[in-house]
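I have placed the structure first, in the form of structure tokens, so that the comments after it can refer back to it.
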Amino acid sequence: MQKRDELYAGKAKSVFKTDDEKALILHFRNDTSAFDGKKIEKLDRKGKVNNLFNAFISEKLEEAGIATHFIKLLSDEESLVKKLDMFPIECVVRNISTGSLCRRLGVEDGLDLNPPTFEFFLKNDDLGDPMINEYHIESFGWAEASHVERMKELTFKVNGILQKLFLDAGILLVDYKLEFGLYDGEVMFGDEFTPDGCRLWDVETREKLDKDRFRQGLGDVVESYEAVARRIGVKLD
Ligand code: C5P
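If you want our numbering, it's the 1-based position in the sequence shown plus 1289.
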């Protein structure tokens, strides 16, 4: 597989074309960003842990019948993926209240949400990724109604699979963000699932083990990502 020109550099990943027009290479960099790119730092080993974490989770999802864009690992920091036509939308499921939900709605932090709640956000850094609803998505043509339904269905299905996977390792899956795209007409999970895009708390101590450590300046960011990875069975060495 030949790596070709860089297609796009995101805040933590770069995307490269390959000699196969239906495949891309994702390079997970050490860059870590928060607050729509206003806080950025390079953290040693972060590219590697996120690449291996994402590969592990993608394989677990595939085993459970969820199609993902992940094809295979190419190196410590690179994965080969299917080229999707991405929707400009973030799908968030929350099992426990925290983060922007509490800021927006004034609800208490740390409440168990039964049923889990769901939110759509528009991917637009200039606007601070505003919350949107299904009517916005259809009116502005960001996705068709059937694709919106499928994104919701898949995001909740992922919850059932990953809540158990993390709980078996003594970790609560508090919330997470997924992005989807189309591949040969099928709605498929793209982008990544890493501690950069979810919240993970230790069951016993409720210690934060995810990107909130970076956002809140708690330290040991990569060390926590690596500890979670080892607890769920990711082989890092
Ligand atoms: O900030 P908020 O509470 O809305 O985040 C909900 C979940 O979505 C968190 O797990 C957060 O890490 C993730 N998220 C993300 N990328 C964004 C916004 C939120 O991965 N742009």
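Where is the CB? At the ideal position from N, CA and C, for every residue including glycine.
- As computed with DSSP, Thr1357 is found in a beta bridge with Phe1478.
- The beta-carbon separation of Asp1415 and Glu1379, rounded to 15 Å, does not stay under the 8 Å limit for a contact.
- Around the beta carbon of Val1437, 16 or more other beta carbons sit within 10 angstroms, so the residue counts as buried.
- For Glu1427, the uninterrupted alpha helix (DSSP H) segment begins and ends at 1423–1428.
- Taken through DSSP and simplified to helix, strand or coil, Arg1393 comes out as helix.
- Distances from the CA of Lys1292 to each of Leu1315, Gly1299, Lys1302 were compared; the closest alpha carbon is that of Leu1315.
- Between Asp1491 and Ile1521, the gap from beta carbon to beta carbon reaches 8 Å or more.
- For Ser1368, there is no enclosing alpha helix (DSSP H); the enclosing beta strand (DSSP E) covers residues 1367–1371.
- The three-state secondary structure of Asn1384, taken from DSSP, is strand.
- Distances from the CB of Glu1379 to the heavy atoms of the ligand C5P include at least one below 7 Å.
- For secondary structure counted as the alpha helix (DSSP H) over 4 or more consecutive residues, the stretch 1430–1464 holds these complete runs in sequence order: 1434–1456.
- In this structure, the C-beta of Ser1389 approaches the ligand C5P to less than 7 Å from one of its heavy atoms.
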